[in-house]
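Contents: one structure, followed by commentary.
Protein chains in written order, with full-length UniProt numbering: chain A, 1 to 480; chain B, 1 to 480.
In structure tokens form, the structure reads like this:
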């Protein structure tokens with residue numbers, strides 16, 4: 001054990017012995033996330049309050065030990081991995097919905113609350129929390145805030161940062177700060193709230209969040225529109241969003257995704273279509289039929305070869321099943337996959353898909369593109385068996401080419417997953433050297449010793465202040 | 001002249017002699033804003049590009065001279081005042097709308113574009129930029145971004161930070177950086193965009209902004225609802241916003257404001273009403289009548305004693321005239337006024353108004369409250385003749401009491417105007433010492449010498465690097 005025994009002893013005192021572990025069998029459980037890399041931490045703690053988190057940070061500072069905050073461990077870029085060892089803070093005990101203020105449409109919750117649980121809870125009050133990452137059933141609000149999660153409803157409703165009003169957070173140096181407001185407006189001092197949101201747990205540990213809520217829409221309806229060509233579908237999406245019926249989701253599947261989902265599900269998807277759009281519209285009960293009719297007519301006018309409206313909840317479920325079947329179908333096809341969440345301006349989606357087609361032809365690799373067409377957020381997947389070194393190398397080169405294409409099209413290399421470890425090498429390409437330096441100075445302003453979630457976002461290490469306690473036992477830590 | 005002659009000479013070289021002035025008659029023109037304080041700068045420059053702004057910052061760094069960015073000079077808290085002398089950068093020549101991308105609903109513009117001009121321009125393309133401060137006719141997009149401007153439409157559409165996607169900005173050290181994206185989603189690195197937005201020109205000089213646009217609503221209708229008591233009106237506002245017809249604006253006038261506007265306009269306002277709500281609803285042409293009907297019925301059900309729907313554009317104008325008459329009526333009543341834009345959770349507006357009533361009775365000062373009820377953003381005004389020292393002192397104490405009440409009600413001392421100079425003494429009360437220290441460290445990460453817009457936000461001076469060139473000529477600078 002490389003972490004100092006005194007540090008371990010004091011950690012146990014802070015959170016209580018039953019909420020602490022340095023046993024390998026426990027630590028291994030918190031060494032994973034959705035990237036399939038493994039980095040076993042030196043200790044795992046389960047604090048119950050901001051005060052405990054603060055004491056942990058002060059202790060970590062004294063022992064120069066890295067601290068890694070962890071929500072549901074469902075991150076796609078390694079944000080929760082203990083890449084330099086250290087103490088993993090798991091927020092599962094801080095999972096209380098503290099307040100639902102129905103009069104002011106505001107809620108407060110602790111970071112360990114599961115997102116879908118929170119959504120269901122506010123729904124029972126007739127309220128609506130729109131951000132909806134596909135991990136919602138197991139990711140936490142804390143993780144969603146740290147990554148600035150999005151999801152399909154962003155087309156109409158925006159992303160996590162559009163809903164967070166204020167935070168309670170523990171700084172790497174141990175101070176507990178409150179940021180932001182609990183009102184719709186507030187312009188007092190720097191926007192620490194939105195600086196911490198999306199900072200991937202590198203600037204502060206969120207211990208409570210205040211978010212705004214909306215009234216739950218009275219009605220939701222689902223329809224699909226099949227297009228012969230990707231270009232036509234993309235142009236239709238732009239036109240639809242510029243119309244006065246903005247759907248709350250506009251998901252798309254390319255031909256490869258359609259075939260894949262159909263092969264897996266056999267629900268009669270149009271396997272010859274170049275692209276399939278799945279749209280959700282919400283609104284007042286009195287108007288929903290008119291909205292759907294407008295959208296149906298508009299889709300036809302814009303070149304859809306077929307439009308299907310789900311007449312029942314069951315039919316809607318079936319349409320969504322097709323979209324959701326892509327991921328499991330992909331896993332069935334290949335044991336490993338690369339999944340990148342690039343974003344381009346909506347109108348450039350056809351260019352991006354054309355590039356993917358070209359790469360598919362050139363490499364012979366299985367590639368599919370699907371995702372959130374409404375905001376140009378494409379989930380690009382390459383199927384492979386990572387033990388096939390040649391394929392892996394080709395895939396990595398293809399990803400790099402696609403990132404370059406994305407940037408050239410005016411896009412960004414991550415719409416939802418963040419930078420973490422996996423995208424860190426590509427970050428300077430997008431933001432430039434001067435903005436990189438500025439971000440590092442901001443990191444230092446929060447975390448002078450570089451102890452909070454080190455090794456994330458910044459491709460090279462910052463000047464870190466780790467002591468010997470961060471040294472890892474051989475064989476315990478490493479990319480898996 | 002305290003500024004170094006070599007510095008002046010080089011400034012003239014950077015922007016060209018005709019876009020530079022150190023003559024007193026020119027400098028005086030840029031020493032004012034809406035606070036009525038006067039601080040005459042040492043020089044005024046009118047750059048035409050980010051490159052010129054960058055060279056000015058490098059020059060200012062070499063001569064340790066403060067630089068103050070200035071938009072329309074309509075700020076309410078002194079953000080554009082040269083409180084320590086220095087160089088005022090006026091962005092009036094950088095006033096180009098660079099791009100309107102109708103397919104992706106994105107626009108790019110330079111900071112000197114007048115907000116209302118930008119709104120009208122996008123409207124001609126069938127598009128909509130919702131943030132709408134009451135200064136829109138003369139304030140600039142750069143100023144709106146720096147202050148994170150709001151306005152009445154924030155109820156439904158949010159504020160400036162909800163529309164900005166990315167920036168080009170010059171750092172105090174002269175680097176030109178690009179932040180953010182031009183897509184709806186993007187989570188790559190720290191959110192520099194929203195950190196700079198609302199930083200009141202203390203972190204960076206915005207030289208170009210990319211904002212998102214919406215489709216222009218097909219229809220807008222206006223209605224008013226009079227309530228006997230403020231409490232009933234406030235409860236109605238909460239209920240209305242929780243309903244499925246969210247108005248885009250919910251403005252309110254207290255009894256004092258109603259009487260004032262009626263005395264000035266004579267349009268038949270209900271002078272016995274405890275509160276008047278003015279609401280705007282927008283939506284699809286096919287549905288607008290239904291929305292207005294719902295809102296009308298709901299208002300009645302929630303206790304409105306009368307509801308008036310504007311049947312023509314002219315009638316709507318007249319209703320808005322009443323709301324807009326308050327400010328000129330106030331100026332007519334008293335040569336000076338204190339105008340504070342406090343915010344409390346919607347449901348606490350009656351408590352705040354009750355406190356104002358109490359203060360009015362206790363001090364005998366004329367006080368009115370009106371503003372954006374939909375987001376609890378109250379413009380609280382005290383009328384006074386500032387030469388009356390006793391009244392001024394009482395007024396300042398009343399403001400402090402009201403700030404305390406605002407914070408105790410879970411509110412914030414500024415929803416739109418920012419901190420600037422005038423609210424700086426109250427900032428630590430709201431954000432706390434630890435967050436204050438963090439904000440100062442962030443300021444240093446951007447501006448190690450403290451040269452960009454010094455004396456704003458932070459009540460005490462930071463450790464500044466000003467050289468002798470910041471010394472002011474006696475009598476030239478001082479609060480007026």
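C-beta: ideal position from N, C-alpha, C; glycine also.
How about residue 345 of chain B: is its C-beta nearer than 7 angstroms to some C-beta of chain A? For the purposes of this step, residue 345 of chain B is identified with residue 345 of the second chain, where counting begins at 1. Any Cβ of chain A closer than 7 angstroms to the Cβ of residue 345 of chain B would place that residue at the interface, and such an atom is present.
The segment 148-157 of chain A touching the segment 381-398 of chain B, judged by at least three CB pairs closer than 8 angstroms: No, they do not touch.
Quick one, are the C-beta atoms of residue 218 of chain B and residue 79 of chain B less than 7 angstroms apart? Here residue 218 of chain B refers to the residue found at position 218 of the second chain. Here residue 79 of chain B refers to the residue found at position 79 of the second chain. Not a contact, by the Cβ cut-off of 7 angstroms.
Are residue 66 of chain A and residue 451 of chain A close, meaning C-beta to C-beta below 7 angstroms? Locating residue 66 of chain A in the first chain gives position 66, counting from the first residue. Locating residue 451 of chain A in the first chain gives position 451, counting from the first residue. Against a cut-off of 7 angstroms, the Cβ pair of residue 451 of chain A and residue 66 of chain A comes out as a contact.
Give a yes or no on whether the minimum CB-CB distance between residue 292 of chain B and chain A is below 7 angstroms. Numbered from its first residue, the second chain carries residue 292 of chain B at position 292. Not one chain A Cβ lies under 7 angstroms of residue 292 of chain B.
Between residue 145 of chain A and residue 213 of chain A, is the Cβ-Cβ spacing less than 7 angstroms? Here the question's residue 145 of chain A lines up with position 145 in the first chain. Here the question's residue 213 of chain A lines up with position 213 in the first chain. With respect to the 7 angstroms criterion, residue 145 of chain A and residue 213 of chain A are not classified as neighbours on the basis of their beta carbons.
Close beta carbons around residue 265 of chain A, own chain, < 7 angstroms, minus the five adjacent residues each side: Working through the first chain from its first residue, we reach residue 265 of chain A at position 265. Excluding sequence neighbours, residue 265 of chain A sits near 321, 322 and 325.
Using a Cβ-Cβ cutoff of 9 angstroms, what residues of the segment 412-425 of chain B are near chain D? List them in chain order. Looking at the structure shown, chain D is missing, and the protein chains on hand are A and B.
Of all Cβ atoms in chain A, is any one closer than 7 angstroms to the Cβ of residue 221 of chain B? The residue labelled residue 221 of chain B in the question sits at position 221 within the second chain. Judged by the 7 angstroms Cβ criterion, residue 221 of chain B is not in contact with chain A.
Which residues in chain B have a C-beta closer than 8 angstroms to the C-beta of residue 435 of chain A? List them in chain order. For this step, residue 435 of chain A is matched to residue 435 along the first chain. Result: 177, 178, 179, 189 and 192.
Are there 16 or more other CB atoms within 10 angstroms of the CB of residue 168 of chain B, so buried, or fewer, so exposed? Counted from its first residue, the second chain places residue 168 of chain B at position 168. Around the Cβ of residue 168 of chain B, a 10 Å sphere holds 16 or more other Cβ atoms; the residue is buried.
In the DSSP assignment, the alpha helix (DSSP H) including residue 80 of chain A goes from what residue to what residue? To locate residue 80 of chain A, count along the first chain from 1; it is residue 80. Boundaries for residue 80 of chain A: no alpha helix (DSSP H) harbours it, and the DSSP string shows neither H nor E there.
Using a Cβ-Cβ cut-off of less than 9 angstroms, give me the residues of the segment 228-247 of chain A that come near chain B, in sequence order. Those would be 235, 238, 239, 241, 242, 243, 244, 245 and 246, in chain order.
Where does the unbroken beta strand (DSSP E) through residue 245 of chain B begin, and where does it stop? Taking the first residue of the second chain as 1, we reach residue 245 of chain B at position 245. Counting along the chain, residue 245 of chain B falls outside any beta strand (DSSP E), and DSSP gives it neither H nor E.
Is it buried or exposed for residue 377 of chain A, if we count other Cβ within 10 angstroms and need 16 for buried? Along the first chain, one-based indexing puts residue 377 of chain A at 377. Under a 10 Å Cβ-count criterion, residue 377 of chain A is classified as buried, with 16 or more other Cβ atoms of the shown protein chains found around its own Cβ.
How would you list, in chain order, the residues of chain B whose beta-carbon sits under 7 angstroms from the beta-carbon of residue 457 of chain A? By 1-based counting over the first chain, the position of residue 457 of chain A is 457. Neighbours of residue 457 of chain A on chain B, chain order: 189.
Between residue 185 of chain A and chain B, is any beta-carbon pair separated by less than 7 angstroms? Walking along the first chain from the start, residue 185 of chain A turns up at place 185. At least one CB atom of chain B sits nearer than 7 angstroms to the CB of residue 185 of chain A.
Consult DSSP for residue 91 of chain A and reduce its assignment to one of helix, strand or coil. The count along the first chain starts at 1 and reaches residue 91 of chain A at position 91. Coil, per DSSP.
How is residue 42 of chain A classed by DSSP in three states: helix, strand or coil? As a working mapping, residue 42 of chain A is identified with position 42 in the first chain. Here residue 42 of chain A sits in coil by DSSP.
Inter-stretch contact (C-beta, 8 angstroms, three-pair minimum) for the segment 240-260 of chain A and the segment 363-373 of chain A: With the rule of 3 Cβ pairs closer than 8 angstroms, the segment 240-260 of chain A counts as touching the segment 363-373 of chain A.
Three or more beta-carbon pairs under 8 angstroms between the segment 399-408 of chain B and the segment 400-410 of chain A, yes or no? The segment 399-408 of chain B, when compared against the segment 400-410 of chain A, does not touch it at the 8 angstroms Cβ threshold.
Enumerate, from N- to C-terminal direction, the unbroken beta strand (DSSP E) stretches of 3 or more residues contained entirely within the segment 360-418 of chain A. Secondary structure in the segment 360-418 of chain A: the beta strand (DSSP E) runs of 3 residues or longer, each lying completely within the stretch, are 366-372 and 377-384 in chain order.
Do we get a CB-CB distance below 7 angstroms when we pair residue 15 of chain B with the residues of chain A? To locate residue 15 of chain B, count along the second chain from 1; it is residue 15. Taking CB atoms only, residue 15 of chain B has no neighbour in chain A less than 7 angstroms away.
Contact list for the segment 84-97 of chain B against chain A, Cβ threshold 8 angstroms: Under the 8 angstroms Cβ criterion, the segment 84-97 of chain B contributes no residue.
Residues in the segment 96-130 of chain B with C-beta within 9 angstroms of chain A's C-beta atoms, listed in sequence order? Within the segment 96-130 of chain B, the residues whose Cβ lies closer than 9 angstroms to any Cβ of chain A are, in chain order, 101, 102, 103, 104, 105, 106, 126 and 127.
Could you please tell me which residues of the segment 131-159 of chain A, in chain order, have their CB closer than 8 angstroms to any CB of chain B? Listed by position along the chain: 147, 148, 150, 154, 155, 158 and 159.
If we count the other Cβ atoms within 10 Å of its Cβ and call it buried at 16 or more, is residue 162 of chain B buried or exposed? Translated into the one-based positions of the second chain, residue 162 of chain B becomes position 162. Taking all protein chains in view, the Cβ of residue 162 of chain B is crowded by 16 or more other Cβ atoms within 10 Å, so the residue is classified as buried.
From the DSSP output, read off the bridge partner residues of residue 279 of chain B. Taking the first residue of the second chain as 1, we reach residue 279 of chain B at position 279. Looking at the DSSP output, residue 279 of chain B shares a beta bridge with B:223 and B:250.
If you compare alpha carbons, which of B:158, B:140 and B:382 is closest to residue 116 of chain B? Counted from its first residue, the second chain places residue 116 of chain B at position 116. Taking only the C-alpha atoms, the option nearest residue 116 of chain B is B:140.
Any contact between the segment 223-231 of chain A and the segment 270-280 of chain A? By contact I mean 3 or more CB pairs, one from each, below 8 angstroms. Verdict: yes, contact present.
Listed by chain order, chain B residues near residue 439 of chain A by CB distance under 8 angstroms: Position 439 of the first chain, counted from the start, is the residue given in the question as residue 439 of chain A. Taking the beta carbon of residue 439 of chain A as reference, the chain B residues within 8 angstroms of it are 189, 190 and 192, listed in sequence order.
Which value, in whole angstroms, describes the spacing of the CA atoms of residue 245 of chain B and residue 291 of chain B? Your numbering for residue 245 of chain B matches position 245 in the second chain. Your numbering for residue 291 of chain B matches position 291 in the second chain. About 6 angstroms.
CA-to-CA distance, residue 186 of chain B to residue 46 of chain A, given in whole angstroms: Residue mapping note: residue 46 of chain A aligns to position 46 of the first chain, counting from 1. Residue mapping note: residue 186 of chain B aligns to position 186 of the second chain, counting from 1. Between residue 46 of chain A and residue 186 of chain B, the C-alpha separation is close to 31 angstroms.
Any 3 or more C-beta pairs closer than 8 angstroms across the segment 433-450 of chain B and the segment 407-425 of chain B: With the cut-off at 8 angstroms, the segment 433-450 of chain B and the segment 407-425 of chain B do not touch.
Do you know offhand how far residue 470 of chain B's Cα is from residue 85 of chain B's? By 1-based counting over the second chain, the position of residue 470 of chain B is 470. By 1-based counting over the second chain, the position of residue 85 of chain B is 85. Confidence at residue 470 of chain B is low in this model, with a pLDDT of 36, below 50, so the placement of that residue should be treated as unreliable; the coordinate-derived value is given next. In a straight line, the C-alpha of residue 470 of chain B is about 6 angstroms away from that of residue 85 of chain B.
Contact list for the segment 276-290 of chain B against chain A, Cβ threshold 7 angstroms: Listed in sequence order: 284, 286, 287 and 290.
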